[in-house]
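J.: Below is the structure I would like to discuss, written out as structure tokens.
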């Protein structure tokens, strides 16, 4: 099964209530640490240089690919409740060449904010909230027979993720978790919350990480509705600093060593917008 997804995102400090009124773009009431929304005038080649991109132009992607070859702008897609008329959504794609360094098991392309340093990032301390929205309808899709990470925070030593926002067939949990859902998983790969994939409306998410209390809390809404809490603040190991990534990390099947081996079909042409 393939499904296609639209993605738009921003980072905020979680210092006020998340339920805000919608005046197409939701009012921002927290100081922004990183803002991933880009202007409608942005060109694909802008993502190839740190002088013009909001994101790291060198990582995380296949070495032979430029971001201007990976990112696409979907036509006829209006922005989410976090956008206004000056912003547009993007699509991150993966292909056979989407191999980062020697990680031959994965196919991946993950955007990292300029300034979100692996150690000492302002987004890895205190209380931070990540906002993002997804929507179906692009020309490409995700193969949901694989496990696909879409948004995550990886520790500075690259040994773990504090949380994963993902979809598809979760390795080791086949038959227990529906593949056509979005899932928020803990550092220990335990399900925190999930929701079915909507086919016609934006799905809006916020994940609050309290790096002091080691908790995680999830907020959610559909369409233009304000975000509402769908979990309490649950215990989660947020230690280890690191960086946020937004895009696609597609795991292989048929292996216990998902980083270095396993099955990935040829002719991959998948995307998340």
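Residue numbers (this note's numbering): 1 to 273.
No residue lacks a Cβ here, since even glycine has one placed at the ideal position from N, Cα and C.
Going by beta carbon distance, what residues of the same chain come within less than 6 angstroms of residue 238, once the five residues before and after it are set aside?
T.: 162, 209, 211, 214
J.: Taking the beta carbon of residue 164 as the centre, do at least 16 other beta carbons fall within 10 Å, making it buried, or is it exposed?
T.: Flag for residue 164 reads buried.
J.: Opposite residue 168 in the DSSP bridges: which residues?
T.: 147
J.: State the DSSP-derived secondary structure class of residue 65, mapped to helix, strand or coil.
T.: coil
J.: Taking the runs of the beta strand (DSSP E) that are 3 residues or longer, which of them lie wholly in the segment 156-244?
T.: 161-168, 181-186, 191-196, 203-210, 215-222
J.: In this structure, how does DSSP classify residue 246 when only helix, strand and coil are distinguished?
T.: strand
J.: Which one of 55, 259, 42 has the shortest CA to CA distance from residue 104?
T.: 259
J.: Does DSSP classify residue 94 as helix, strand or coil?
T.: strand
J.: If you draw a straight line from the alpha carbon of residue 24 to that of residue 227, how long is it in whole angstroms?
T.: Because residue 24 sits at a pLDDT of 46, beneath the cut-off of 50, its placement in the model cannot be relied upon, and the following sentence gives the value as read from the coordinates. Spanning the two alpha carbons is a distance of roughly 14 angstroms.
J.: Which residue marks the beginning of the beta strand (DSSP E) containing residue 134, and which one marks its end?
T.: Here the beta strand (DSSP E) through residue 134 covers 127-135.
J.: Can you check DSSP and say which residues form a bridge with residue 154?
T.: 161, 243
J.: Can you list, in chain order, the residues of its chain with a C-beta nearer than 6 angstroms to that of residue 155? Leave out the 5 residues immediately preceding and following it.
T.: So the qualifying residues of the chain are 240, 242.
J.: Roughly how many angstroms separate the alpha carbons of residue 265 and residue 112, rounded to a whole number?
T.: Each residue's Cα considered, the two are about 27 angstroms apart.
J.: Starting from residue 270 and walking both ways along the beta strand (DSSP E), at which residues does that stretch end?
T.: From DSSP, the beta strand (DSSP E) with residue 270 extends over 269-272.
J.: Might you give, ordered along the chain, the residues of its own chain that have their beta carbon closer than 7 angstroms to the beta carbon of residue 221, omitting 5 neighbours on each side?
T.: 204, 227, 228
J.: Quick one: Cα of residue 75 to Cα of residue 195, how far?
T.: 26 angstroms
J.: Just to confirm, are residue 93 and residue 72 a CB contact at a threshold of 8 angstroms?
T.: Their beta carbons are under 8 angstroms apart, which means residue 93 touches residue 72 by this criterion.
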